[in-house]
Structure formats: structure tokens, C-alpha cells
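Novice: Take this structure, written in C-alpha cells, and hold onto it; I'll ask about it next.
Numbering (the numbering used here), first residue to last: 221 to 717.
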């Protein structure tokens, strides 16, 4: 607690001047928050609020604090807390490559086998913008082993995880989009293809390019149209369900460049396909195709094969930062399944490497945080599912636990991973010019009809608070929900106690 309280006190030093409407005592604070919760723009919504003084543990304000609601991406708080608590901030994934045959005169008489463990970091996000940097390194290692031709297949072992590639309760409508990317223990470039659409002349087709290096894993059909610069961009992306045929019908204005990440079907095959393309581009012939290990029942045991290369990921701390700052859904799912694979709960009958086993293991952390594990419902790691239900007081209990975590590295990594109001992440453009700017550190969450904001704030007198704001079942846009969340956060930042 001491480290986090010190960080929160530092945040208070740079707060803007206190407004005249700053609450001076708990009674005034409750009245101010009551008015905001009763805002008529959210008259049809169910609203839950919990505010806790981190220094004393006292609840300063509660409104439906015990009611379980959909947390949306606030689920990531639970996922990342459990992972940091149990795996540790320096946990790293390992992805080895093996050869299962002998090498004669530069020819591998057998297959190359890649064994996945759920590493999120293979791709553009962590490779200095070179999407295939890891694969190029493996190509160098293959050459160093004296191999110029692979007279066999590329085989992917993704059995660290179960075979469910989408989260429980995810919408089919979301499948083509990056935020609903399929899940695999062999994941590459966020399991997406990065599309760029550029205009030509009005009435003509746009120019479509994609990374990695125009891979043919995605069958791209260009049905784009260039429109005058006076018209607005209209996106159009349709990917076949259970397939990789992508039709792009975007209308792109002159002078505008459109960029979008589209998910791929079957990430394991995508990983192997681009690896094969990279090996060939680096001068290594591959005579065979690509296969999931489950399709090769006679494959020799990996323990008896020759190690060729191994990629070790960035630490979990770096991945947690992307999950919470940018609200990366895929990484949250990979982390949850990794927890289930690495530290399964022996009392659970869930499959190792499944989301269910991840949460069976995660409940150890939640129980330690005094979260009501009998009432909480967690279906995925990211919050994309509408089957997650937590209460505001569960979230503030978790926030309290992480603020006083016995591992100082876990405390600081957790705190630093949260978006900062008006500065970065999903809060970059919120609460600017207010007492909350640079002060509030909180995780956002948005689904249709559900919005949440939970995290930390320091009052104008330096008191650290944990808060959770949840809005469900409202009609229309989430704009009004976010406005009320921001006003509540600003009120807490101005609180003069």
C-alpha cells in the first residue's frame, strides 16, 4: 500500500486549482454524487457506484454497490490482477522450434515443429514495426543448423490451450474485427491482417495493401471506391465466417488513408503460413505444407527432436500494460488461458488451458482479495462476453488488494498499467483540463448498453481513493454514461478531505 499511496500523493501535487464546488466533507460528497447518479440522461439505466478510502478502508459512497452488472472491459482488471498475482510480473512465454528428422547435405529429412505456449508478443506490437522479425530470426537459426531445404511440413503444436477459438458469449457479428480475434496458443500479429486503403481518383477503385507483406493467407477482394474529399469515409469489410475471404467495399475520400486490422480464421494456420512464406523469402525451401499437430498423429515425440530456435517473450508486465492501457482483448484471453495452463486448479474439472480453468485458478486471487467468489460470474478474460457479472464493491475490493499487494513490483506494474486521464490509453481524451487530468488512473469498459470505469484517484488533500462506476441497460450511445463517469471522477479529485 505504501508505494501506491506515495504514487497517488505525487499525482496530487500537479492538480489544477480547486473549484468552489469542491465537496468539503462526506455529506457534501454524497450529495454531489447523488445528483450525478440521478442525471436524467441515464434515467433508464442501472447504475452502481463504490468509492473507498484506501488509507482507512472505509466506504465513502455506495449506490447499488452490491449489484452485479456487466463490467465490459473492466473484466481485464480481474484477469491482469490474477495473472500478476500468481504468475509474477516477470513471467515470460517460450516458443521453441524443433526439427524431427536428420539433416543431410543441407536437407532436413523431416518436419519443423513449432510449440506454442500462448505468447502474445510475436508480431508488430513488440517487434519494432517488423511484423516477421521473430520469423526472420528463426530462418537464420535454421540456416545456422545447416538446413537449406525442409523436406517435410511445418507443424504447429497449439495444444497448450483448448480448441475454443472464441470466448463464451461472443457475438458472431464481431468476428471480422480485431477486437474479436480468434484465440490460439500459436498467435501472430494479434491474429489479424493489417489493411490499408488509399484513394486514387473519384469514381475509381482505391488501392488496397496489407501486412504482413501481402500474405496470401487472406483472400482479399478489392471492391473499394474513391469518393470526393467532400464525402465521408464509409468502411466496408466482410470476412466469411470460418474462412478467410475478405471483401473490402470501403468508400475512401480523396486525401484520406484508411487503416484497419481484420481478424483471421484459424490463427494456428495463419502463424504457420506466414512462417513458411518468411522461410522461403529468406532462401529456405519448404517442400511440404502446414499442419496442426492434431492432424499428424504419427509425429515423433518432441522430446526426441533437435532444437533449432526458441523465442522468449517480453515479460508479462509489458503485456499487462497493453491489455489495460489499450484494452487489448486478445492479449487478455491469452493471459487467462496461460494462467489455466500454467497453474491449473486441481479441484476443477475444466480443461487445462481453457478460459474456465483460467478462472478456476484466478479465483485464488479473488478470494485473497475478499471478492465474493460465490456471486461473481466471469466467462472470458477480456469482457467482450455479456456473460460476465461483477459488482462495484467487488472491483473496489480488488483495487484495494492490488494497492497493498505484498510484491512491490506487482503493485507498481499494476498501477502503471492503468490509463491516465487526459494522458494516455483509453482515457487519453477524457477529463482534460480538470482536476482528474493526470490524476485518475482507471480501466474503461464499453459494450452496447454497458459502460464502466474503475480505478484510483487522489483527492485535492492527497487522500488516495479506489472507485468503481458501472452503468448498464441504458438506451442509445455510451456518451452520456462516460460523461457522468468523468464528472464523478472529477468530483472525487476535487474532494477536500
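By construction, the Cβ of each residue, glycine as well, lies at the ideal position given by its N, Cα and C atoms.
Would you give the residue range spanned by the beta strand (DSSP E) that residue 413 belongs to?
Specialist: Residue mapping note: residue 413 aligns to position 193 of the chain shown, counting from 1. Element bounds for residue 413: 412 to 418.
Novice: Could you check if residue 668 is buried or exposed, using at least 16 other CB atoms within 10 Å of its CB as the buried criterion?
Specialist: For the purposes of this step, residue 668 is taken as residue 448 along the chain shown, with counting starting at 1. Flag for residue 668 reads exposed.
Novice: Give the range of the alpha helix (DSSP H) segment to which residue 368 is assigned.
Specialist: If you number the chain shown from 1, residue 368 lands on position 148. It is not in any alpha helix (DSSP H) - residue 368 carries neither H nor E in the DSSP assignment.
Novice: Taking the beta carbon of residue 720 as the centre, do at least 16 other beta carbons fall within 10 Å, making it buried, or is it exposed?
Specialist: No statement about residue 720 is possible, as the shown extent of the chain runs from 221 to 717 and does not include it.
Novice: Check for me: the beta strand (DSSP E) holding residue 686 runs from which residue to which?
Specialist: To locate residue 686, count along the chain shown from 1; it is residue 466. 684 to 692 is the extent of the beta strand (DSSP E) around residue 686.
Novice: Go ahead and pull the three-state DSSP assignment for residue 663.
Specialist: Here residue 663 corresponds to residue number 443 of the chain shown, with the count starting at 1. It is a strand residue.
Novice: What alpha helix (DSSP H) runs, 4 residues minimum, are completely inside the stretch 286 to 373?
Specialist: Runs found: 295 to 307, 353 to 364.
Novice: Residue 512 lies in the beta strand (DSSP E); which residues open and close that run?
Specialist: In the chain shown, the residue the question calls residue 512 occupies position 292. 510 to 512 is the extent of the beta strand (DSSP E) around residue 512.
Novice: Is there a Cβ of chain C sitting closer than 9 Å to that of residue 437, yes or no?
Specialist: Annotation note: the requested chain C is absent from the structure, which comprises a single protein chain.
Novice: Note the first and the last residue of the continuous alpha helix (DSSP H) segment covering residue 704.
Specialist: Taking the first residue of the chain shown as position 1, residue 704 is located at position 484. Here the alpha helix (DSSP H) through residue 704 covers 699 to 714.
Novice: Quick check: the Cα distance between residue 354 and residue 589, rounded to an integer number of angstroms?
Specialist: Sequence index remark: in the chain shown, residue 354 carries index 134 (1-based). Sequence index remark: in the chain shown, residue 589 carries index 369 (1-based). Looking at the two C-alpha atoms, the distance is approximately 38 Å.
Novice: Compare the Cα-Cα distances from residue 495 to each of 594, 539, 373 and report the closest residue.
Specialist: The residue labelled residue 495 in the question sits at position 275 within the chain shown. When only C-alpha atoms are compared, the closest one is 373.
Novice: Going by C-alpha distance, which of 388, 564, 699, 399 is nearest residue 380?
Specialist: The count along the chain shown starts at 1 and reaches residue 380 at position 160. Closest by alpha carbon: 564.
Novice: What's the call for residue 434, buried or exposed, on a 16-neighbour Cβ count within 10 Å?
Specialist: Here residue 434 corresponds to residue number 214 of the chain shown, with the count starting at 1. Exposed is the call here.
Novice: Suppose the cutoff is 6 Å on Cβ atoms and the five residues either side in sequence are ignored; what does the same chain contact list for residue 305 look like?
Specialist: Start at 1 with the first residue of the chain shown, and residue 305 comes out as number 85. Counting only Cβ-Cβ distances below 6 Å, and skipping sequence neighbours, we find 585.
Novice: In terms of residues, what are the limits of the alpha helix (DSSP H) holding residue 480?
Specialist: Translated into the one-based positions of the chain shown, residue 480 becomes position 260. That residue, residue 480, is in no alpha helix (DSSP H); its beta strand (DSSP E) goes 478 to 483.
Novice: Residue 707: which of 454, 253, 246, 243 sits nearest, CA to CA?
Specialist: Locating residue 707 in the chain shown gives position 487, where the first residue counts as 1. Looking at the Cα atoms, 253 is the closest of the given residues.
Novice: Over what stretch of residues does the alpha helix (DSSP H) that includes residue 765 continue unbroken?
Specialist: This structure leaves residue 765 out entirely; the chain is present only between 221 and 717.
Novice: Look up residue 597 in the DSSP assignment and give the residues it is bridged to.
Specialist: Residue mapping note: residue 597 aligns to position 377 of the chain shown, counting from 1. DSSP output for residue 597 lists 609 as bridge partner(s).
Novice: If you check the beta carbons only, do residue 277 and residue 688 fall under 9 Å apart?
Specialist: Position 57 of the chain shown, counted from the first residue, corresponds to residue 277. Position 468 of the chain shown, counted from the first residue, corresponds to residue 688. It is not a contact, given that the beta carbons lie outside the stated cut-off.
Novice: Per DSSP, what kind of secondary structure is residue 392 in: helix, strand or coil?
Specialist: As a first step, residue 392 is located in the chain shown; it is residue number 172 there, counting from the start. If DSSP states are grouped into helix, strand and coil, residue 392 belongs with the helices.
Novice: Going by other Cβ atoms of all chains shown within 10 Å of its Cβ, with 16 needed for buried, is residue 625 buried or exposed?
Specialist: Here residue 625 refers to the residue found at position 405 of the chain shown. It counts as buried.
Novice: Quick one, are the C-beta atoms of residue 491 and residue 407 less than 9 Å apart?
Specialist: Position 271 of the chain shown, counting from 1, holds the residue named residue 491. Position 187 of the chain shown, counting from 1, holds the residue named residue 407. Cβ atoms of residue 491 and residue 407: closer than 9 Å.
Novice: Compare the beta carbon distance of residue 458 and residue 467 with 9 Å and say whether it is the shorter of the two.
Specialist: Here residue 458 refers to the residue found at position 238 of the chain shown. Here residue 467 refers to the residue found at position 247 of the chain shown. Cβ distance < 9 Å, so residue 458 and residue 467 count as in contact.
Novice: Taking three-plus beta-carbon pairs below 8 Å as touching, is the stretch 387 to 394 in contact with the stretch 598 to 610?
Specialist: The stretch 387 to 394 vs the stretch 598 to 610: in contact.
Novice: Nearest-angstrom Cα distance between residue 531 and residue 443?
Specialist: Residue 531 sits at position 311 when you count from the first residue of the chain shown. Residue 443 sits at position 223 when you count from the first residue of the chain shown. Going by the C-alpha atoms only, they are around 39 Å apart.
Novice: Report the three-state DSSP secondary structure of residue 617 (helix, strand or coil).
Specialist: Stepping through the chain shown from its first residue, residue 617 is reached at position 397. Helix.
Novice: Less than 9 Å between the C-beta atoms of residue 409 and residue 351, yes or no?
Specialist: Taking the chain shown and counting its residues from 1, the one referred to as residue 409 is at position 189. Taking the chain shown and counting its residues from 1, the one referred to as residue 351 is at position 131. Yes, the Cβ-Cβ distance between residue 409 and residue 351 is below 9 Å.
Novice: Strictly by DSSP, which residues pair up with residue 268?
Specialist: The sequence position of residue 268 within the chain shown is 48, counting from 1. According to DSSP, residue 268 bridges with 690.
Novice: Where does residue 193 land, buried or exposed, given buried means 16+ other C-beta within 10 angstroms?
Specialist: Missing from the structure shown is residue 193; the chain here goes from 221 to 717 and no further.
Novice: Going by DSSP, what residue range makes up the beta strand (DSSP E) through residue 473?
Specialist: As a working note, residue 473 is residue 253 in the chain shown. From DSSP, the beta strand (DSSP E) with residue 473 extends over 471 to 473.
Novice: Since residue 274 and residue 684 should fall inside the 8 Å C-beta cutoff, what is the C-beta to C-beta distance between them, to a whole number of angstroms?
Specialist: Residue 274 sits at position 54 when you count from the first residue of the chain shown. Residue 684 sits at position 464 when you count from the first residue of the chain shown. That pair is a contact at about 4 Å.
Novice: Give the range of the beta strand (DSSP E) segment to which residue 458 is assigned.
Specialist: Taking the chain shown and counting its residues from 1, the one referred to as residue 458 is at position 238. 457 to 459 is the extent of the beta strand (DSSP E) around residue 458.
Novice: Quick one, which of 426, 661, 709 has its alpha-carbon nearest residue 654's?
Specialist: For this step, residue 654 is matched to residue 434 along the chain shown. Cα-wise, what sits closest to residue 654 is 709.
Novice: Quick one: using the 10 Å Cβ neighbour count with 16 as the cut-off for buried, is residue 462 buried or exposed?
Specialist: Along the chain shown, one-based indexing puts residue 462 at 242. Label assigned to residue 462: exposed.
Novice: Residue range of the alpha helix (DSSP H) that residue 248 falls in?
Specialist: Position 28 of the chain shown, counted from the start, is the residue given in the question as residue 248. Start and end: 246 to 257.
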